[in-house]
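2 protein chains.
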Amino acid sequence: MSTTEYGQYFKALRESKGLTLRNVEKITDISNAYLSQLESGKVKQPSPNNLYKLSEAYEVPYETLMGKVGYPIPNGGDTSSERSKSAEVSNKLGEISSDEEIELLQYLKFIRNRK
Amino acid sequence: MSTTEYGQYFKALRESKGLTLRNVEKITDISNAYLSQLESGKVKQPSPNNLYKLSEAYEVPYETLMGKVGYPIPNGGDTSSERSKSAEVSNKLGEISSDEEIELLQYLKFIRNRK
DNA sequence: AAGCGTTGCTAAATATACCAAGCAAGCCAC
DNA sequence: GTGGCTTGCTTGGTATATTTAGCAACGCTT
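Going line by line, the protein sequences match chains A and B. Here the first sequence stands for residues 42 to 156, where the numbers follow the working numbering. Here the second sequence stands for residues 42 to 156, where the numbers follow the working numbering.
Here it is, written out as structure tokens:
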């Protein structure tokens with residue numbers, strides 16, 4: 042199944058914000074070691090508590106992260122698959138795939154780093 | 042320590058429905074052994090996946106169970122007095138400025154055209 | 001070059017979710 | 001009573017979430 046490891050998503054998110062692993066550790070109290078494993082796909086289901094902290098640090102909706110890692114989310118059905126009929130909160134950019142998401146985050150990092 | 046004995050809550054829920062541990066096991070695919078531990082307070086943070094199954098079996102809102110065991114729930118109402126500081130609307134990419142938004146849209150177009 | 005702080009990462013260890021197997025007590029038929 | 005069936009429960013084990021300690025490569029500054 043879509044092996045689009047969400048680890049890369051987390052990594053791209055962090056880098057787009059210009060944060061280091063130890064930066065995030067400081068903010069969230071999650072060890073940098075664990076964060077590294079998270080980003081390299083060695084963790085399957087991080088606890089909701091940690092997802093919540095990360096959602097704050099990265100300023101993305103908690104629900105989004107819950108869905109990303111495969112937990113059921115309160116209002117809709119499943120996620121992880123892009124064919125969901127869910128009226129997913131439209132992003133300002135319109136519908137984007139997981140792969141595009143990562144690329145956009147990487148580009149965002151580039152944008153913010155120049156100048 | 043929270044001493045939050047939600048175990049008794051689960052037990053009361055099950056009994057109110059006239060279900061046995063093995064009944065619930067059949068329905069949810071959660072072992073009766075585990076269910077027993079859950080109800081006797083030997084489990085601290087059951088996975089959202091299992092909470093979801095239980096919410097279906099017991100016909101209570103998923104969010105309610107999430108809150109019961111101490112997980113943050115999507116719309117505020119956390120156990121700890123945490124009130125959202127602001128309703129920042131964020132998307133999967135985190136906060137982005139208008140200028141960035143435009144650039145991202147252009148880049149998205151580029152991405153999609155390069156096939 | 002040598003040292004120093006930073007970065008991401010890994011290995012080993014601990015904690016805990018969860019299951020398979022089984023046990024003791026209850027209940028109802030024979 | 002004895003046997004079978006059901007109940008809740010415990011014990012031992014496996015898997016996995018998470019941390020502590022450390023390491024190697026990098027960039028600085030001197």
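Glycine included, C-beta positions come from ideal geometry on N, C-alpha and C.
Next item on the list: Rounded to whole angstroms, what's the CA-CA distance from LEU146/A to LEU95/B? Just pull it up for me.
Entry: 37 Å
**Message:** Beta carbons nearer than 8 Å to chain A: which residues of the stretch 81 to 96 of chain B have them?
**Reply:** GLN86, SER88, PRO89, ASN90, TYR93
* Asked: Hey, would you say ALA98/A sits closer than 8 Å to ILE143/A, going by beta carbons?
  -> Result no, Cβ atoms of ALA98/A and ILE143/A do not sit closer than 8 Å.
message = I'd like the list of long-range same chain contacts for GLY48/A, defined as Cβ closer than 7 Å, with 5 residues on each side in sequence excluded.
response = LEU79, GLU80, SER81, GLY82
Starting from GLY135/B, find everything on chain A with Cβ-Cβ shorter than 7 Å and list it in chain order. Those within 7 Å of GLY135/B in chain A are LEU54, SER57, LYS58, TYR99, GLU100, VAL101.
Any C-beta of chain A under 8 Å from that of ILE143/B: no
Worksheet item: For GLU46/B, which residues from the same chain have a beta carbon less than 7 Å from its beta carbon, with the 5 sequence-adjacent residues on both sides left out?
Response: GLY82
For PRO89/A, report the span of its alpha helix (DSSP H) as first-last. 89 to 99
Notebook entry, point to check: Can you name, in chain order, every residue of its own chain whose Cβ lies under 8 Å from the Cβ of ILE137/A, other than the five neighbours on each side?
Noted result: Same-chain partners within the cutoff: LEU145.
- Query: Given that a residue counts as buried once 16 or more other Cβ atoms are within 10 Å of its Cβ, and exposed if not, what is SER57/A?
  - Reply: By the neighbour-count criterion, in which 16 or more other beta carbons inside 10 Å mark a residue as buried, SER57/A falls on the buried side.
ASN154/A, DSSP secondary structure in three states = In the structure shown, ASN154/A sits in a helix (DSSP, three-state: H, G or I).
List the residues of chain B whose Cβ lies closer than 7 Å to the Cβ of LEU146/A, in chain order.
LEU134
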